[in-house]
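In my numbering, the protein residues as written are 1313 to 1488. The beta carbon of each residue, even a glycine, is placed where N, CA and C say it ideally should be. Being a predicted model, the structure only gives us computed values, none of them experimental.
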C-alpha cells in the first residue's frame, strides 16, 4: 500500500488493478458518509456488502444520527467517531465531497473514496497533500467484485464490465 499511498493518481482512468487492490486490502474500517437506511439506495447495499465482506462499516448521516442501520450505530459526522476510520466512502455529490474530504483529513482517515460520478480534484489534492490515498469516480463494492471474481460468468476478467463511467461518444452526443 505504500506505493498506492504515495502515488498521486488524479485521473480515475489511470487507477491500476494493483492500486485498487492495495487500497481495498489495506483498510479494515470504512465510514460511509451519506449512509441510507433505505434498502433500495446504493449506500445501503454497498454498506451491507462491505460489512458482509468483513469490513467494519460505520454509517454517517446527520439526519439519522442516534439510530441504527444494519444494526450499526449511525453517527452525525466523522468528528463524532470514537476512532479514525481507515477509509471514508463518500456518497455525496462532488461539491459536498470537498467538505467530507476535509473532515476525513481532520479525522485521521487514510483513504478517501468518492463514489461513481463523484470527482473533486481540488479536494483530492488537499487529501493527497495531507498523506491520504484518494480514489474517485469508483465504487468499492463494484471494484471488490470485479477484482476478486464475484461479478458472474460473463463479466469476470473479460473487460466487458466497466466500473467507471466512460466519456460520451460522438454518436451518444447526437442523442442529447
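Problem - Identified DSSP bridge partners for residue 1401 - result: Answer by DSSP bridge pairing, in chain order: 1344, 1425.
Problem - Delimiting residues of the alpha helix (DSSP H) encompassing residue 1368 - result: If you look at residue 1368, you'll find it isn't in any alpha helix (DSSP H); it sits in the beta strand (DSSP E) that goes 1368-1372.
Exercise for the section: Compute the Euclidean distance between the alpha carbons of residue 1440 and residue 1387, then round it to the nearest angstrom. Expected result: Rounded to the nearest angstrom, the gap between the Cα atoms of residue 1440 and residue 1387 is 25 Å.
Exercise for the section: Round the Cβ separation of residue 1446 and residue 1401 to the nearest angstrom and send it over; I've been treating them as touching at under 8 Å. Expected result: Incorrect: roughly 12 Å between the Cβ atoms, too far for contact.
Handout entry: Which of helix, strand or coil DSSP assigns to residue 1493
Key = This structure cannot settle anything about residue 1493, because the visible part of the chain is limited to 1313 through 1488.
Handout entry: Three CB pairs or more closer than 8 Å across the region 1370-1384 and the region 1349-1356
Key = Touching, per the Cβ criterion.
Problem - Close beta carbons around residue 1409, own chain, < 7 Å, minus the five adjacent residues each side - result: Within the same chain, residue 1409 has close Cβ partners 1402, 1426, 1430, 1432, 1435.
Problem - Alpha-carbon to alpha-carbon, residue 1374 and residue 1358 - result: Answer to the nearest angstrom: the Cα atoms are 19 Å apart.
Handout entry: Pair within 7 Å by beta-carbon distance, residue 1370 and residue 1397
Key = A contact, by the Cβ cut-off of 7 Å.
Practice task
Within its chain, find whatever has a CB closer than 7 Å to the CB of residue 1465; leave out the 5 residues flanking it on each side and keep chain order.
Solution key: Residue placement at residue 1465 is flagged as unreliable, the pLDDT there being 49, under the threshold of 50; a coordinate-derived value is accordingly withheld.
Handout entry: Close-in-space but distant-in-sequence residues of the same chain around residue 1341 (CB under 6 Å, 5 per side omitted)
Key = Excluding sequence neighbours, residue 1341 sits near 1368, 1397, 1398.
Handout entry: Under the three-state DSSP convention, the category residue 1331 falls into
Key = Residue 1331 carries a helical assignment under DSSP once its states are collapsed to helix, strand and coil.
Exercise for the section: Kindly say whether residue 1386, judged by its beta-carbon, lies nearer than 7 Å to any beta-carbon of chain B. Expected result: In the structure shown, chain B cannot be found, because there is only a single protein chain.
Problem - Status (buried if at least 16 other CB within 10 Å, exposed otherwise) for residue 1453 - result: Under the 10 Å beta carbon count, residue 1453 is surrounded by 16 or more other beta carbons and is classified as buried.
Practice task
Under 8 Å Cβ to Cβ from residue 1459, same chain only, skipping five residues before and after it: list those, please.
Solution key: Cβ within range, chain order: 1329, 1332, 1333, 1336.
Handout entry: residue 1412: first and last residue of the uninterrupted alpha helix (DSSP H) it sits in
Key = Unbroken alpha helix (DSSP H) run through residue 1412: 1406-1419.
Handout entry: Test item: CB-CB of residue 1424 and residue 1413 under 7 Å
Key = Closer than 7 Å, so yes.
Problem - Own chain residues within Cβ distance below 6 Å of residue 1323, not counting five before or after - result: Cβ within range, chain order: n/a, list empty.
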